[in-house]
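Peer 1: So for the sequence shown, UniProt numbering puts the first residue at 1; every next one is plus one. Even glycine gets a Cβ: it sits at the ideal position worked out from N, Cα and C.
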Amino acid sequence: MDIFSTGHGAVRGFRPSEDVVAVLGIPYAAPPFGANRFREPRPVTPWTGVRECGAFGPIAPQSAELPGAPVWSPGEEDILTVNVWTPASRSGPLPVLVWIHGGAYTFGSSAQPDFDGSVLARAGLVVVTLNYRIGFEGFGHVPADGPAACPDNRGLLDQVAALRWVRENIAGFGGDPGNVTVAGQSSGAASVACLMVMDRARGLFRRAIAHSPASPCCTRDMAVATTREVAAAAGCPATAAGLLSATPQALVAAADRVVDDYRRDPASGSRHYDPSLYAPVLDGDVLPTDPLTAMATGAARDVDLLVCHTTQEYWLLDAVGSSAKVTTEAQLARFAEDFGLPDGLVAGYRAALPQAPVLDVYLAVYGDLLFGEYSNRLAELHARAGGRSFLSRFDRRRTGPHGVVRAWHCADVPFAFGNLDDERLSFLIGGTPTPADRALARRMVRAWADFAATGDPGWSPVGDATAEVRTWTADGDTDAEDRSTAGVRSSAEVRSLWAKADFPLLRP
Numbered sequence: 001m002d003i004f005s006t007g008h009g010a011v012r013g014f015r016p017s018e019d020v021v022a023v024l025g026i027p028y029a030a031p032p033f034g035a036n037r038f039r040e041p042r043p044v045t046p047w048t049g050v051r052e053c054g055a056f057g058p059i060a061p062q063s064a065e066l067p068g069a070p071v072w073s074p075g076e077e078d079i080l081t082v083n084v085w086t087p088a089s090r091s092g093p094l095p096v097l098v099w100i101h102g103g104a105y106t107f108g109s110s111a112q113p114d115f116d117g118s119v120l121a122r123a124g125l126v127v128v129t130l131n132y133r134i135g136f137e138g139f140g141h142v143p144a145d146g147p148a149a150c151p152d153n154r155g156l157l158d159q160v161a162a163l164r165w166v167r168e169n170i171a172g173f174g175g176d177p178g179n180v181t182v183a184g185q186s187s188g189a190a191s192v193a194c195l196m197v198m199d200r201a202r203g204l205f206r207r208a209i210a211h212s213p214a215s216p217c218c219t220r221d222m223a224v225a226t227t228r229e230v231a232a233a234a235g236c237p238a239t240a241a242g243l244l245s246a247t248p249q250a251l252v253a254a255a256d257r258v259v260d261d262y263r264r265d266p267a268s269g270s271r272h273y274d275p276s277l278y279a280p281v282l283d284g285d286v287l288p289t290d291p292l293t294a295m296a297t298g299a300a301r302d303v304d305l306l307v308c309h310t311t312q313e314y315w316l317l318d319a320v321g322s323s324a325k326v327t328t329e330a331q332l333a334r335f336a337e338d339f340g341l342p343d344g345l346v347a348g349y350r351a352a353l354p355q356a357p358v359l360d361v362y363l364a365v366y367g368d369l370l371f372g373e374y375s376n377r378l379a380e381l382h383a384r385a386g387g388r389s390f391l392s393r394f395d396r397r398r399t400g401p402h403g404v405v406r407a408w409h410c411a412d413v414p415f416a417f418g419n420l421d422d423e424r425l426s427f428l429i430g431g432t433p434t435p436a437d438r439a440l441a442r443r444m445v446r447a448w449a450d451f452a453a454t455g456d457p458g459w460s461p462v463g464d465a466t467a468e469v470r471t472w473t474a475d476g477d478t479d480a481e482d483r484s485t486a487g488v489r490s491s492a493e494v495r496s497l498w499a500k501a502d503f504p505l506l507r508p
């Protein structure tokens, strides 16, 4: 029987296939509600007997309804859980990969079908995925006027608590607590970058994988301003007592109303284009400095880093309707002004894309602004400060039943996890996987598994005399630097356009 011991009690998993055991919904911290709301994660209450762990735990408060994933149900509070996939036959301690989901710090969960760890377990890893607080519960600023401390960055603190659970318990599942890789995509990847430079996470992992890390953090003043907006929309005072009096569902609904107001107002500045309200807060404590600045000083030089971004990131956000439409040259100029882009940058994109509609130019610039260029700088600054980093790009495209399938945001995740056959992922994959798609997935799974095991994904690191930038395609991978970053432009050309742009971005 597949029963495992943890520090809080025994758990029983199940076999989704003959060669893999899955153990789902294991608590790593107490429910963060009631007396624990807005507090640091608290210890789990131990249980007696064997806890049945055959289903994912409840997800964090949110309004999103994602394909194939559960929706949040108000009243379900035991949201701080981990899931483990391990080979049924284990011959010694195996490398561990811990996955942090993305979703603009506002939505998503470990139960999304992309994140099933079975294929990676077959490749020789013990895979852990986790839920953490998102939205206001995880990243909203709570004023220090209450009887108990309510730290910023509670979602990051949850992630640290999950990593501590891994260190203390993963050996019982066949994993090596001394060989842990933390990985994530989008805001999950940005969380990884934060964890790399946080004192509280030091020593909990030795390698990191960041796919499409999102660039912005926010200052304490910005976080305070967001709290005032959300509290006003919720009809409660922007105080600790006032916010505690508002239910989680009231704060979720309030944030949605604030987001809608930004979307409807083209004069609202940079938030108009994709109004994500929450981000890690530069609070002087949990996260004193933004990851780029900290990495440039060598704060994470002991952690190996593998970075990947897709070549057409922002087309997904346009396709799902979360991004404002920019279709005129005047709107494009205003976009550049709202983000303070350097003179000539948008003109450089326009010159490189002379036949493209304005919308495509905007999507190319915005994708590189938030994801592509930030990914490049993260890997390069880490390497310059003495760290070991590897850079890659995902450029797989195809024509599917509903038209062109782009190399857009999130498209790389099913390939890296090896999950191509779930029909709920067809939007990302573009129809039935081809033999070339399956071969690409095998190569990406192998790169992740090898990097987690040895720190070498299969190509040379940034800064090496023979440094490569691996570009993943279904037609065969390349390490050439002239692969396209937005469809028709060389990577060197794109990088030169961003030379005068200041990073990191701070979310207003």
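1. From which residue to which residue does the beta strand (DSSP E) around R393 run?
2. Give the DSSP-derived three-state secondary structure of Q185 in the structure shown.
3. So, at 6 angstroms on beta carbons, what are the nonlocal neighbours of A10 in its own chain, with the 5 sequence-adjacent residues on each side left out?
4. Reducing DSSP to helix, strand and coil, say where G9 ends up.
5. Can you tell which of D221, V303 and G387 has the C-alpha that lies nearest to the C-alpha of G203?
6. Would you mind sorting G68 into buried or exposed? The rule is 16 or more other CB atoms within 10 Å of its CB.
7. Residue range of the beta strand (DSSP E) that F339 falls in?
8. On the criterion of 16 or more Cβ atoms from any shown chain inside 10 Å, does R207 qualify as buried, or is it exposed?
9. Taking the straight line between their C-alpha atoms, what separation do you get for A300 and G7?
10. Just how far apart, CA to CA, sit R264 and F173?
11. Going by DSSP, name the residue or residues bridged to G87.
12. Can you give me the start and stop residues for the beta strand (DSSP E) that A231 sits inside?
13. I'd like to check one pair, V462 with G418: are the Cβ atoms closer than 8 angstroms?
14. Please identify the residue among Y262, A279, A347 and S322 whose C-alpha is closest to the C-alpha of residue 516.
15. Could you tell me if T471 is buried or exposed, where buried requires 16 or more neighbouring beta carbons within 10 angstroms of its beta carbon?
16. Checking the sheet assignment: what are the DSSP bridge partners for L306?
17. Terminal residues of the continuous alpha helix (DSSP H) containing W472?
18. Can you tell me where the beta strand (DSSP E) with V98 in it begins and where it stops?
19. Fully enclosed by the stretch 24-74, which beta strand (DSSP E) runs are 3 residues long or longer?
20. Using a threshold of 8 angstroms, state whether the C-beta atoms of G117 and T129 are closer than that.
21. Suppose you measure from the CA of E329 to the CA of D274; what does that come to, to the nearest Å?
22. So what's L277 in DSSP terms, helix, strand or just coil?
23. Provide the residue span of the beta strand (DSSP E) that contains G138, from first to last.
24. Given a threshold of 16 other Cβ atoms within 10 Å of its Cβ, counted over all protein chains shown, does A499 qualify as buried or as exposed?
25. Could you tell me which residues DSSP puts in a beta bridge with R264?
26. Secondary structure at T293, three-state DSSP: helix, strand or coil?
27. Could you give the first and the last residue of the continuous beta strand (DSSP E) run that contains V326?
28. Less than 8 angstroms between the beta carbons of R42 and A29, yes or no?
29. If you compare alpha carbons, which of A441, L420, A352 and R406 is closest to E493?
30. Can you give me the C-alpha to C-alpha distance between T473 and F394, rounded to a whole angstrom?
31. DSSP three-state label for F107, please.
32. Could you pull the start and end residues of the alpha helix (DSSP H) that L359 belongs to?
33. Can you grab the Cα-Cα spacing for the pair V346 / A336, in whole Å?
34. Keeping to the same chain, check which residues put their C-beta closer than 7 angstroms to that of T45; ignore five residues upstream and five downstream.
35. Go through the stretch 152-185 residue by residue and report every complete run of the beta strand (DSSP E) that reaches 3 residues or more, in order.
36. Thinking C-alpha only, which one of Q249, S426 and D421 is nearest R438?
Peer 2: According to the data block:
1. S389 to F394
2. strand
3. I3 and V50
4. strand
5. V303
6. exposed
7. No beta strand (DSSP E) holds F339; DSSP gives it neither H nor E.
8. buried
9. 30 angstroms
10. 50 angstroms
11. A quick correction: the sequence has Pro, not Gly, at residue 87. DSSP output for P87 lists V20 as bridge partner(s).
12. From DSSP, A231 is part of no beta strand (DSSP E) but of the alpha helix (DSSP H) over R220 to A234.
13. no
14. Because the chain here runs from 1 to 508, residue 516 falls outside it and cannot be looked at.
15. buried
16. I209 and F390
17. No alpha helix (DSSP H) contains W472, which is instead part of the beta strand (DSSP E) from V469 to W472.
18. L94 to I100
19. 50-52
20. yes
21. 19 angstroms
22. coil
23. That residue, G138, is in no beta strand (DSSP E); its alpha helix (DSSP H) goes G135 to F139.
24. exposed
25. BP columns for R264 are empty, so no partner.
26. helix
27. Careful: V326 lies outside any beta strand (DSSP E) and carries neither H nor E.
28. yes
29. A352
30. 7 angstroms
31. coil
32. V358 to G367
33. 7 angstroms
34. A30
35. 175-185
36. D421
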